[in-house]
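Trainee: In our numbering, the protein residues as written are 325 to 630.
Mind looking over this structure? Questions follow.
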Amino acid sequence: MDPVIQLKDVTVRFGNRFHPFTAVDNVSFDIYKGETFGLVGESGSGKTTIGRSIIRIHPTYSGDILYNGQKINGRISKELDREVTRKIQMIFQDPMASLNERAKVDYIVSEGIYGDRSISPSKRAELVEETLMDVGLLPEFASRFPHEFSGGQRQRIGIARALIMQPEFIIADEPISALDVSIRAQVLNLMSELQKKRGLTYLFISHDLSVMRFICDRIAVIHLGQIVELAETEKLFEHPLHPYTRALLSAVPQPDPDSEKKKVLTVYDPSVHDYSVDKPVWTEIEPGHHILANQKELEEYRGMLG
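Following this line, the structure appears as C-alpha cells:
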C-alpha cells in the first residue's frame, strides 16, 4: 500500500543561528490511505509542530515531507500548493480561537472555496448547507455567529470548514481536548462516520492515550521532538517497550476504582539511556513495531518480547 503522507528525516527548528531550538528532530514515518495515525506525547513534545509542518505553516529545516509521492515542503509550484491547500486540511484544538468571531458560519465554512470562480454563490450556499448537515448542524445555522454555539457545535463548524474542501487527508490537532467530556464521544463518533463515508485519512494528535486506543490504527510516541516508538495500537498497549511509552501508559486512568487505587505511576527518567558511545538507531524490532534504541537496549527489548 502506498502512503498518503511520508516524513523522511524531518527536522524543524525555531529561533536563529545564534539561539536555535530544535522542535522536531529527524522524524520519519508513513501514513497510509484510510487509516487513523496517532501521534502522542506530552505538551511541548513537537506533535503540533509536525502537523503544522505537513500543512506548510511551519517551514522545515531539513528532510522531506511527501504527499502522494510529491515533495510538499520547501519551495513548490503554485499548482501543487493549491492542491495541498485543498487536499490537506487541519482541525484545530480550540474551536473558539480558530473561528473568526466577526464572521457568520456561512463565510467561515466556505472561506476556502471563495476564490474558486467555478463555484457560483448559489452553489456555494448549497455546499455549505450540505456540509453543515454532514456534521450534524442545521442549515439555518449558516446565518449565525460562532459565539451563539456551544463548544461541541463550534468544533463541528471547524470540521465542516475542513470538509467543504473535499480533502483526502485531515490533521486533527487535539480536536476534543477543549470540549466537555459528554461532547467528546459525539465529535469522535462524527469523525469516524465521516472517515468511512468520505474515505478520509487522519493524523490524530493528542496527549490522551485512552482516547487514541479506540480510534487509531497505529500510534507513534514522541518525546522532545523524537519519535521513540511506533506500533499498531493494540501491540503498543500490550507490549510497550520504550520507558517513556510505559510511563505514558501508566498514567492512563483505569475504569475500575480498585485498580485505579492500586495503580503505580511510572516516572520516565531519561538518564536510563547511555548513548555516549552506543548511539540509538530507529529499528523495526518486530513486524510493524519500531523503536529508537541502541544495541544494548534492543537486546533487552527483544527479551521483553520473548
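Every residue gets a Cβ at the ideal spot worked out from N, C-alpha and C, and that includes glycine.
1) My assumption, with CB atoms under 8 Å, is that Ser352 sits in contact with Trp606. Please give the rounded CB distance.
2) How many angstroms separate the CA atom of Val350 from the CA atom of Lys559?
3) Does the beta carbon of Ser422 sit closer than 8 Å to a beta carbon anywhere in chain B?
4) Report the residue from Val364, Lys332, Gly339, Phe342 whose alpha carbon sits nearest the alpha carbon of Cys540.
5) Using CA atoms only, rank isn't needed, just tell me which of Met325, Val452, Thr335, Gly358 is closest to Leu527.
6) Hey, out of Thr335, Gly549, Ser501, Ser442, whose CA is closest to Ser534's CA?
7) Could you give the residue range of the alpha helix (DSSP H) that holds Lys620?
8) Do Thr455 and Ala496 come within 8 Å of each other at the CB atom, strictly closer than that value?
9) Should Ile381 be labelled buried (16 or more other beta-carbon atoms within 10 Å of its own) or exposed?
10) Given Val335, which residues of its chain have a CB within under 8 Å of its CB, disregarding the five upstream and five downstream residues?
11) Beta-carbon separation of Val328 and Asn392 under 8 Å?
12) Once you ignore the five residues that flank Leu548 on each side, which residues in its own chain have a CB closer than 7 Å to its CB?
13) Any idea which residues DSSP pairs Val364 with across the strands?
14) By the three-class DSSP mapping on this structure, what secondary structure does Glu425 have?
15) Quick one: Cα of Thr360 to Cα of Ser574, how far?
16) Taking the alpha carbon of His597 as the reference point, which residue from Pro611, Lys620, Ser434, Ile488 has its own alpha carbon closest?
17) Go ahead and pull the three-state DSSP assignment for Asp602.
18) Tell me, to the nearest whole angstrom, how far the beta carbon of Gly476 is from that of Leu503; I am working on the premise that it is less than 8 Å.
19) Touch check for the stretch 426 to 437 and the stretch 505 to 525: three-plus C-beta pairs under 8 Å?
20) Please report the distance separating the alpha-carbon of Ile488 from that of Lys332.
21) Looking only at DSSP bridge pairs, what is Pro496 linked to?
22) Less than 6 Å between C-beta atoms, sequence neighbours within five positions excluded: which residues of the same chain meet that for Arg508?
23) Which one of Gln490, Leu462, Glu492 has the shortest CA to CA distance from Arg480?
24) Based on the DSSP output, what are the partners of Asp354 in its beta bridges?
25) I need the DSSP call for Pro567, collapsed to helix, strand or coil.
26) Please state the DSSP three-state secondary structure of Asp593.
27) Buried or exposed: where does Gln578 fall if 16 or more other Cβ atoms within 10 Å of its Cβ makes it buried?
28) What separation, rounded to the nearest whole angstrom, lies between the Cα atoms of Ser277 and Pro567?
29) If you draw a straight line from the C-alpha of Val297 to the C-alpha of Leu518, how long is it?
30) So what's Tyr395 in DSSP terms, helix, strand or just coil?
31) Under a three-way DSSP split, which group does Val348 fall into?
32) Assuming Gln550 is part of the beta strand (DSSP E), what are its boundary residues?
33) Pick out the complete beta strand (DSSP E) segments inside the stretch 465 to 526, 3 residues or longer, and give them in chain order.
Mentor: Quick look at the numbers:
1) Within the sequence shown, the letter at position 28 stands for residue 352. Within the sequence shown, the letter at position 282 stands for residue 606. Yes, Ser352 and Trp606 are in contact; Cβ-Cβ is about 7 Å, under 8 Å.
2) Residue numbering aside, residue 350 sits at position 26 when the sequence shown is read from its first letter. Residue numbering aside, residue 559 sits at position 235 when the sequence shown is read from its first letter. Per the sequence shown, the amino acid found at residue 350 is Asn instead of Val. The straight-line gap from Cα to Cα measures roughly 24 Å.
3) The structure shown contains no chain B; it is built from a single protein chain.
4) One-based indexing of the sequence shown puts residue 540 at position 216. Looking at the Cα atoms, Val364 is the closest of the given residues.
5) Looking up residue 527 in the sequence shown gives position 203. The shortest C-alpha separation from Leu527 is found at Gly358.
6) On the sequence shown, position 210 is the one that residue 534 refers to. Checked all of Thr335, Gly549, Ser501, Ser442; the closest Cα to Ser534 is Ser501.
7) The count along the sequence shown starts at 1 and reaches residue 620 at position 296. Where Lys620 is concerned, the enclosing alpha helix (DSSP H) stretches over 619 to 629.
8) The residue labelled residue 496 in the question sits at position 172 within the sequence shown. The residue labelled residue 455 in the question sits at position 131 within the sequence shown. No; because the gap between Cβ atoms is not below 8 Å, this pair is not in contact.
9) The count along the sequence shown starts at 1 and reaches residue 381 at position 57. So Ile381 counts as exposed.
10) For this step, residue 335 is matched to residue 11 along the sequence shown. The sequence as given places Thr at residue 335; Val does not occur at that position. Excluding residues within five positions, the ones whose Cβ falls inside 8 Å are Thr346, Val348, Asp349, Asn350, Val351, Thr384, Tyr385, Ser386, Gly387.
11) Residue 328 sits at position 4 when you count from the first residue of the sequence shown. Residue 392 sits at position 68 when you count from the first residue of the sequence shown. Contact: yes.
12) For this step, residue 548 is matched to residue 224 along the sequence shown. Within the same chain, Leu548 has close Cβ partners Ser369.
13) Counting from 1 along the sequence shown, the entry for residue 364 is found at position 40. Looking at the DSSP assignment, Val364 forms a beta bridge with Ser530, Val545.
14) Translated into positions along the sequence shown, residue 425 becomes position 101. Of the three classes helix, strand and coil, the one that applies to Glu425 here is coil, per DSSP.
15) Residue mapping note: residue 360 aligns to position 36 of the sequence shown, counting from 1. Residue mapping note: residue 574 aligns to position 250 of the sequence shown, counting from 1. Roughly 23 Å separates the two Cα atoms.
16) Taking the first residue of the sequence shown as 1, we reach residue 597 at position 273. Comparing Cα-Cα distances from His597 to each of Pro611, Lys620, Ser434, Ile488, the minimum goes to Lys620.
17) Counting from 1 along the sequence shown, the entry for residue 602 is found at position 278. The answer is coil: DSSP assigns Asp602 none of H, G, I, E or B.
18) One-based indexing of the sequence shown puts residue 476 at position 152. One-based indexing of the sequence shown puts residue 503 at position 179. At roughly 6 Å, the Cβ-Cβ gap stays under 8 Å, so Gly476 and Leu503 are in contact.
19) no
20) Walking along the sequence shown from the start, residue 488 turns up at place 164. Walking along the sequence shown from the start, residue 332 turns up at place 8. Distance between the alpha carbons of Ile488 and Lys332 is about 30 Å.
21) To locate residue 496, count along the sequence shown from 1; it is residue 172. Just to set this straight, residue 496 is Ala in the shown sequence, not Pro. Under DSSP, Ala496 takes part in a beta bridge, and its partners are Ile415, Phe528.
22) By 1-based counting over the sequence shown, the position of residue 508 is 184. Answer for Arg508: Ile500, listed in chain order.
23) Within the sequence shown, residue 480 is the residue found at index 156, counting from 1. That would be Leu462, whose Cα lies nearest to the Cα of Arg480.
24) For this step, residue 354 is matched to residue 30 along the sequence shown. Answer by DSSP bridge pairing, in chain order: Gln330.
25) For the purposes of this step, residue 567 is identified with residue 243 of the sequence shown, where counting begins at 1. Three-state DSSP puts Pro567 in a helix.
26) Taking the first residue of the sequence shown as 1, we reach residue 593 at position 269. DSSP places Asp593 in the coil class of the three-state scheme, outside both helix and strand.
27) Your numbering for residue 578 matches position 254 in the sequence shown. With fewer than 16 Cβ atoms within 10 Å of its Cβ, Gln578 is classed as exposed.
28) Any property of residue 277 remains undetermined from this structure, which presents the chain solely from 325 to 630.
29) Any property of residue 297 remains undetermined from this structure, which presents the chain solely from 325 to 630.
30) Position 71 of the sequence shown, counted from the first residue, corresponds to residue 395. It is worth fixing the name first, because residue 395 is Lys in this sequence and not Tyr. DSSP places Lys395 in strand when its eight states are reduced to three.
31) As a first step, residue 348 must be located in the sequence shown, where it is residue number 24. Three-state result, Val348: strand.
32) Working through the sequence shown from its first residue, we reach residue 550 at position 226. That run of the beta strand (DSSP E) goes 550 to 556.
33) 493 to 497
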